[in-house]
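With the sequence shown counted from 1, adding 494 to any position gets you my numbering.
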Amino acid sequence: MRITNQLINFNNLSNYQASAKSIYDINQRYDSGLKIQNSYDNSSIYVDGTRLEYEINLLDQVKQTSTKATEFSKNSDKALNDFVSKLTEFKTKLIQAGNDIHNETSRNAIANDLEGLKKHLIDIANSSINGQFLFSGTALDTKPIDSAGNYHGNNQLINAAIGANQTTAYNIDGQTLFLGKDNDYKKILTTNVSLIDNKTKLTSDAANYLNAANKILDLIGGNYRSEELVAQIGKMNPELDFADPAALADTTFYMQGRKPNGETFSTKFKVTADSSIQNLLDNIGYALGNDKNGKNNVVSVAINNSGQIEVTDLKSGNQMTELHLFGLTDVRGPETFKVGDRDIVIDPATHTDFRVTTEKRTVGGVSTDVLIVDSVNPAGNKYEITQVAGGDLSIQQVDKTTGANIGAATNVTPVAGKLVLNPADLTGGITAADFRAYDPANIEALSDRGARDENGNWVSSANLTDTKTITQNVEKGNVYLTEFIKSGFEDVLGNKSDAIDYNKLQFEKTDNKLSSNVSQVIKGTNEYATNSTKLSAVAGQALQANPNSNITMNIKSKDGTNYEVKLNFTDTNSNTTERYPTITVTPLDDNWEKPATATPVYYGNVYSGKYNEATKTTDGVMTPADDMTYQQLNDIVSMVAAGNLPSGQPNTNVIANIDTASRNTYADANALKTALKNGVTDVQAQGIIDRVVDASGIAYPIDFTANGNALRDIKDAILGDQDYVTSRYNEYNTAIKSASSTINTTLDYRGNMVVTDKTASKTDIEVTLFEDRGRGNIEFTDMYKRDAAGNIELDAAGNRIIDTYQSTTGSLFSFTSNNAIAIDEPSVDIFKDLDDMIQSVRDGSYRGDPDASDPRTTGIQGALKKIDHLMDHINKQHTQIGSYTNSLTATGDRATILKVNVSSVKSEIMEADIGETYLMFQQRLMAYQAMLQATAKTSQISLLNYI
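Here you go:
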């Protein structure tokens, strides 16, 4: 190999550059303190260093976030600490108010103090830091509680990032805090009428409360005897008249409500006079689902020291249980009817031989009393008795079947004063002598015990089956009413409800809002229903288990028109597999009665829309019963209340024409088409009718009285035609949108229906929702004992045997109900609960009090039970926010420690060792100097040195 100067110079330059770079790199490491200056210097070190730098930055962020979140949670913790302190003060003053030493002035002073504490609690609830409210959920700029105690935030949690894909909450939302639910609490119901010893009151004015050991005869006391009988022969003797309890009438208790499992029921049971109050309590438990062997009880039933019945749902967290209760006892006394200004006593000798009823009729513009006596014998006679001008009585025989008059009426002039009538005397020729003078001395002979059922039959009160008839018998004095619950609601006619009324009651009206009082609760989950909840999820029974199941609405619209809205869940006049619900809207008169000539102004199904991808339009669809939601029910209420109904055409005419066709014969298709299109002006509907009839395949002539199924098929085809349904949906949807501008109907946070009139400060709208159980679907069954085939059993004398217990299904829904009052339940509504407590102090109500300004108060005793629950609820949330604070503090501390550890690891990986770097620098420098010296020596070598 030839070594030239060029090669030597190249090697020298290369060595120089390498040494200089090495020294430069070491010097850079020394100056920066890092092992590498660029990512390409060492990819392994760079990747590890970058990852650790990310971890450090993340830990810095976690530390910063946790610090801010900790501050928020600590402020929330402090606010809740103050909240608990003020609640404790509130409870202390409640206890003071519970003492009997207070008069009205001192009670009002305490109530004012409680009002001040409540306002302070609202201020605490509205605590904010840096303009952010602590208890509004994620709506940080929304004031959570208004002056009325309503919550306006949301139920969302604010989360802090505490690591990669890791978050933790640091707030308590107001929905949970103020309106939450505690699943470790049980629902406790109470009646509000105190049961007293009426037997003792016969000789003493003392009001002794009953206990479980008392007898039913103590509860009824002197009320086994009518007031009229007492006025003549005196009060019952506590010793003599009660010596033989078997001689006293039995008492039948009527119950309606909802069992803990969500099923509704309608039950009645009969107990003897010598039965204990404990027996009554046991039967209440059985009706609610308790096992008669006591092995699987679902409720606990007791009577408190104030003689009020308390029912406790034994399943914690359950909110379904509902209860309505009253008792009926046959009263011994004369049965008296009013005809004009004459009182007529019915001779008890023929009580069971004649049906006796009364009704009001308008004759010549004048309201007239009509007494109707009708022999139970099909071959017997039926008479109508009225008072005519001059005071005479007019007796008209009428046909038992048609009601048509038979011959002319007979007018008689009976003796003055109260009269006695034996209806059997009328059959031998009507004279004034048939109406005997009433002799008070014979009152015992004219007295009997029993009641008149809805048809006028003389029966035991145990066999009354509807509340209207029960009320009539109570008002007439035939039966004694034992009251348990009185709520002060109004019925459809605007009259104050009594203990008999259950759920045919008006929504409560406050200014421009109407609201129900029964929360709609979802079976299984025990959560409150929302607008999107299906009705089937709440209903006490399957919606279509009974073909007559319905929701009936009596609504007074904004324009003052009274309407009956019948939502039938099953179309019984249909052959389709899916029986769709129907809506019928009919005007009523001022007394909420249906005029004889009344016709529906709207008929239709429940419609919704479904987008059609093919046509890019919305098709109308009929909603099945089980898919119907509360929003759809709300829409119906809004439409009728606003008076914005969909067009009655063509549905009402089509249905009316089909009804007419069901009674006629048609020779050919054209005749049928003409009949079905009578009054139908909608061209599209006319075409659909023609098309359906042509496609029906009917063989003519056809008599629809014998071929009802064929006509139902035609009806189903017309109403189910897609074009027809879409047109009806569009009309229906337009009416809903129009109504929404003036009326808003929704379910609130407690599942109560609320109707708001947007155009008035004080609304005239009235709303009542209930299930119309009708004559064929009565509220209660009779008490006759039946065999397996359903036949009534008879005793040896041929008399019907009365059973001691009967039950049937109850109303599907309740919206406003005279039900037992909740002392406590799993859900809380803190500020509304505090308002109720304050009012009970002002009223001086120590327990439930039907005479208080709010008849549904639970009194101060109930308030003390509830305040303990509220305090426990707040303490749980206080503990929760405390755990958030501790968690966030620990997270911040952990982030600090981890940052130190990660920084140390990063230092070991990324940072240069100064001593090592210095030694390396010295080594590189010495090598560099040696290289320079060698290069210099080499450069001096020349051939001249060897010449």
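Every residue, glycine too, gets a C-beta built ideally from N, C-alpha and C.
A quick note: this is a predicted structure, and the numbers were derived from the prediction, not measured.
In terms of residues, what are the limits of the alpha helix (DSSP H) holding residue i?
| i | result |
| --- | --- |
| Gly610 | 598-619 |
| Met814 | Note, Met814: premise wrong, no alpha helix (DSSP H); not H, not E. |
| Ile1213 | The sequence given here places Leu at residue 1213; Ile does not occur at that position. Note, Leu1213: alpha helix (DSSP H), 1202-1214. |
| Ile1149 | 1145-1155 |
| Glu969 | 961-970 |
| Glu721 | 721-727 |
| Asn777 | 771-781 |
Taking the straight line between their C-alpha atoms, what separation do you get for residue i and residue j?
| i | j | result |
| --- | --- | --- |
| Ser688 | Ala573 | 41 Å |
| Gly1338 | Thr1080 | 46 Å |
| Glu1072 | Ser1308 | 26 Å |
| Leu1213 | Lys1171 | 13 Å |
| Leu920 | Asn967 | 25 Å |
| Asp947 | Lys681 | 37 Å |
| Asp1343 | Ser1010 | 21 Å |
| Gly1270 | Ala1200 | Only weak support is given to the placement of Gly1270: the predicted model assigns it a pLDDT of 44, under 50, and the value that follows is read from those uncertain coordinates. Approximately 25 Å, taken between the alpha carbons. |
| Thr1429 | Gln511 | 13 Å |
| Thr904 | Asn936 | 28 Å |
| Thr1004 | Lys1256 | 8 Å |
| Leu1061 | Asn1044 | 5 Å |
| Thr1351 | Ala603 | 20 Å |
| Lys693 | Asn708 | 11 Å |
| Asp1197 | Ala1169 | 14 Å |
| Pro1529 | Asn653 | Any answer about residue 1529 is impossible in this case: the structure gives the chain only from 495 up to 1441. |
| Tyr1124 | Glu733 | 58 Å |
| Glu984 | Asp1276 | 27 Å |
| Asp1362 | Thr636 | 29 Å |
| Asn1138 | Val1131 | 10 Å |
| Ile1317 | Thr959 | 31 Å |
| Thr492 | Gly1356 | The shown model of the chain, from 495 to 1441, leaves out residue 492, and the question about it has no answer. |
| Thr1160 | Tyr1194 | Reading off the sequence shown, one finds Tyr at residue 1160, where the question assumed Thr. Distance between the alpha carbons of Tyr1160 and Tyr1194: 7 Å. |
Which partner residues of residue i appear in the DSSP bridge assignment?
| i | result |
| --- | --- |
| Phe831 | Ile838 |
| Gly897 | Answer is none; Gly897 lacks a bridge partner. |
| Val1115 | Ser1102 |
| Gln1180 | DSSP lists no partner for Gln1180. |
| Phe577 | Beta-bridge pairing links Phe577 to no other residue. |
| Pro1081 | Tyr1057 |
| Thr1239 | Val1249 |
| Ala706 | Ala706 pairs with nothing; no bridge assigned. |
| Asn1044 | Asn1062 |
| Gln1371 | In DSSP, Gln1371 forms no bridge with anything. |
| Trp952 | Arg946 |
Could you round the C-beta distance between residue i and residue j to whole angstroms and report it? I think they count as a contact, below 8 Å.
| i | j | result |
| --- | --- | --- |
| Phe820 | Leu975 | 6 Å |
| Lys546 | Lys1393 | Checking the sequence, you will find Leu at residue 546 rather than Lys. Actually they do not touch by this definition, with Cβ atoms about 10 Å apart. |
| Arg752 | Ser1013 | Actually they are not in contact, since the Cβ atoms of Arg752 and Ser1013 sit about 11 Å apart, beyond 8 Å. |
| Gly779 | Asn791 | 7 Å |
Looking only at C-alpha atoms, which of the options sits nearest to residue i?
| i | options | result |
| --- | --- | --- |
| Leu588 | Arg1336, Gly1376, Val1399, Tyr1378 | Arg1336 |
| Pro1140 | Asp667, Tyr1226, Lys1052, Phe1063 | Tyr1226 |
| Leu774 | Phe747, Leu782, Asn1020, Thr758 | Phe747 |
| Pro1320 | Val1032, Gly592, Asn812, Ile710 | Asn812 |
| Leu683 | Arg1341, Leu1426, Arg1418 | Arg1341 |
| Gly988 | Ile840, Glu1002, Lys1060 | Glu1002 |
| Ala1445 | Ser888, Ser954, Asn798, Asn1020 | No answer is possible for residue 1445: it lies beyond the span of the chain, which begins at 495 and ends at 1441. |
| Gly1098 | Met1116, Lys1088, Tyr1105, Leu1082 | Met1116 |
| Lys612 | Asn705, Ile1286, Asp1329 | Asp1329 |
| Asn1224 | Gly1114, Val1186, Lys1370 | Gly1114 |
| Val1261 | Arg1222, Gly1356, Val1059 | Val1059 |
| Asp847 | Ala1314, Arg826, Asn875 | Asn875 |
| Ser1235 | Val1249, Asn624, Ile639, Arg1222 | Val1249 |
Return no unless some Cβ of chain B is closer than 7 Å to the Cβ of residue i.
| i | result |
| --- | --- |
| Glu853 | Although the question refers to chain B, the structure presented lacks it and comprises just one protein chain. |
Following the continuous beta strand (DSSP E) through residue i, name the residue where it begins and the one where it ends.
| i | result |
| --- | --- |
| Asn659 | Note, Asn659: premise wrong, no beta strand (DSSP E); not H, not E. |
| Ala796 | 793-797 |
| Lys762 | 758-765 |
| Ile1315 | 1315-1318 |
| Ile994 | Segment: none, Ile994 is in no beta strand (DSSP E) and carries neither H nor E. |
| Gly668 | Not the beta strand (DSSP E): Gly668 falls in the alpha helix (DSSP H), residues 668-673. |
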